[in-house]
Amino acid sequence: MIKHVTHNELDKIKWDNCIDHANNTLIYAYSWFLDVVSPNWEALVYNDYEAVMPLTHKKKFLINYLYQPFFTQQLGVFSRFENQSELTRSFLVSIPSKFKYVDVNLNEENDCESFELKPRKNYVLPIDNDYKEIYSAYKDQAKRNIKKAKQEGVFLQALPHKQVVDFYAKYKGKETKGVKSNDYRTLKKLYKICKKQNYLMAYGVFTKQHGLLACAVFLMHKDRIIYHMGAANPKGKSCGAMHYLIDALIVQLAGKNMMVDFEGSEKEGIERFYKSFGAFNKPYFKLKQNFLPRIIAWLK
């Protein structure tokens, strides 16, 4: 039985246990992560937390709707069950009717033929082989940029996550549609919690002459290393600093049963960057539904 559970009714211990043991577990779905990116989130729960689906919601003009929070790529249905197609269908038809508009991302295991879902690109790179074998699959572009960065005399250094967020906001913020200063404050709060739980790594690429050229935050959870945020300044772009940073991470972790999750992109240039490391597309799915009254739907 699937039931709708409000935020105050949630048993977060059982919730996190379900996420922790789900076959398709993702860091985005833990209660503490959702508490930061979507306060007062609600949920659909199957039986005694055997399967769950977060409902990240807002209200505008008295209309309740589901949305995808910033910095949270995939949510959807999570469980230990192997075949999730029918389970996903059961959850999606159980979304409460009070939510008149739905625009959310399901996860990579939530494909469901009963619903018109739009695949979204996400590039991942297994790094369980030794480094030489992983490097051999790099595109020439990546190899050239790594060599260029080394010739520039770059070096890697751990950074405070706040510095990465500020650097990103300065050099890439204008490209990130809809993100406001308050969202960056939320991100810093989220990273503080991730760091406390040893899920976060933050690195910068420097030269003695030019200082910080590029930096990134990675979220590490079980077998997945998520490239969550990264940016380079003009000098960093020209000397291949970001290629060097990703390669340095792979050198550090190669041979472990893990994958780098680049979080995908529909932009050709960013997609090309991910593919240059030999990453391949493992799509997740967007669910969009409009139950608004006709006149409101037309205005929207």
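Heads up, the sequence shown is in the numbering used here, so the first residue is 2 and it goes up one at a time.
Using N, Cα and C, we set each Cβ at its ideal position, and we do this for glycine too.
**Asked** Can you round the beta-carbon distance between Phe274 and Leu213 to whole angstroms, since I take them to be within the 8 Å contact cut?
**Response** On the sequence shown, residue 274 is found 273 positions in, with the first residue counted as 1. On the sequence shown, residue 213 is found 212 positions in, with the first residue counted as 1. Contact flag wrong, Cβ pair sits at about 19 Å.
**Item:** Cβ shell of Gln142 (< 6 Å), same chain only, five flanking positions each side left out
**Value:** Here residue 142 refers to the residue found at position 141 of the sequence shown. Correct list, in chain order: Ser277.
**Message:** Check whether the stretch 235 to 249 and the stretch 208 to 226 are in contact - that is, three or more C-beta pairs closer than 8 Å.
**Reply:** yes
**Request:** Give the DSSP-derived three-state secondary structure of Ser91 in the structure shown.
**Result:** Translated into the one-based positions of the sequence shown, residue 91 becomes position 90. Helix at Ser91.
**Reference Met54, options Leu63, His8 and Lys60, closest by Cα** = Locating residue 54 in the sequence shown gives position 53, where the first residue counts as 1. Out of Leu63, His8 and Lys60, His8 has the C-alpha closest to the C-alpha of Met54.
**Request:** Per DSSP, which residues does Thr7 bridge with? Please list them.
**Result:** To locate residue 7, count along the sequence shown from 1; it is residue 6. BP columns for Thr7 are empty, so no partner.
**Message:** In the DSSP output, what is His222 paired with across the bridge?
**Reply:** Position 221 of the sequence shown holds residue 222. According to DSSP, His222 bridges with Arg225.
**Request:** Return helix, strand or coil for Asp184, following the three-state DSSP convention.
**Result:** Working through the sequence shown from its first residue, we reach residue 184 at position 183. Reduced to three states, the DSSP call for Asp184 is helix.
**Request:** Pull up the CB-CB distance for Phe79 and Thr26, whole angstroms please, since I reckon it's below 8 Å.
**Result:** Indexing the sequence shown from 1 puts residue 79 at position 78. Indexing the sequence shown from 1 puts residue 26 at position 25. Sure, about 7 Å apart at Cβ, within 8 Å.
**Item:** Between the CA atoms of Val180 and Phe71 - distance to the nearest angstrom
**Value:** Counting from one through the sequence shown, the residue named residue 71 turns up at place 70. Counting from one through the sequence shown, the residue named residue 180 turns up at place 179. Looking at the two C-alpha atoms, the distance is approximately 8 Å.
**Coarse secondary structure for Tyr192, derived from DSSP in three states** = Taking the first residue of the sequence shown as 1, we reach residue 192 at position 191. Looking at Tyr192 - three-state DSSP - the assignment turns out to be helix.
**Message:** Just to confirm my understanding: we take Ala170, look at its own chain, exclude 5 residues before and 5 after, and list those with CB closer than 6 Å. What are they?
**Reply:** Residue mapping note: residue 170 aligns to position 169 of the sequence shown, counting from 1. So the list reads Tyr185, once near-sequence residues are dropped.
**Asked** Roughly how many angstroms lie between the CA atoms of Lys301 and Pro284, to the nearest whole one?
**Response** One-based indexing of the sequence shown puts residue 301 at position 300. One-based indexing of the sequence shown puts residue 284 at position 283. Confidence in Lys301 is poor, its pLDDT being 47 and thus under 50, which makes the residue's placement unreliable; the coordinate value appears in the next sentence. Answer to the nearest angstrom: the Cα atoms are 28 Å apart.
**Prompt:** When you compare only the Cα positions, how much space is there between Phe116 and Arg90?
**Reply:** In the sequence shown, counting from the first residue as 1, residue 116 sits at position 115. In the sequence shown, counting from the first residue as 1, residue 90 sits at position 89. Cα to Cα, the separation comes out at about 8 Å.
**Asked** How long is the line joining the alpha carbons of Glu272 and Lys197, rounded to whole angstroms?
**Response** Residue 272 sits at position 271 when you count from the first residue of the sequence shown. Residue 197 sits at position 196 when you count from the first residue of the sequence shown. C-alpha separation (whole angstroms): 31 Å.
**Request:** Pick helix, strand or coil for Arg121, following the three-state DSSP scheme.
**Result:** Sequence index remark: in the sequence shown, residue 121 carries index 120 (1-based). Arg121: strand per DSSP, three-state reduction.
**Request:** Starting from the C-beta of Trp299, find all residues in its chain whose C-beta is less than 7 Å away, skip the five residues before and the five after it, and write them out in chain order.
**Result:** Taking the sequence shown and counting its residues from 1, one reaches residue 299 at position 298. The predicted model places Trp299 with a pLDDT of 47, which falls under 50 and marks its position as unreliable; any figure quoted below should be read in that light. Taken in chain order, the list of residues that qualify is empty.
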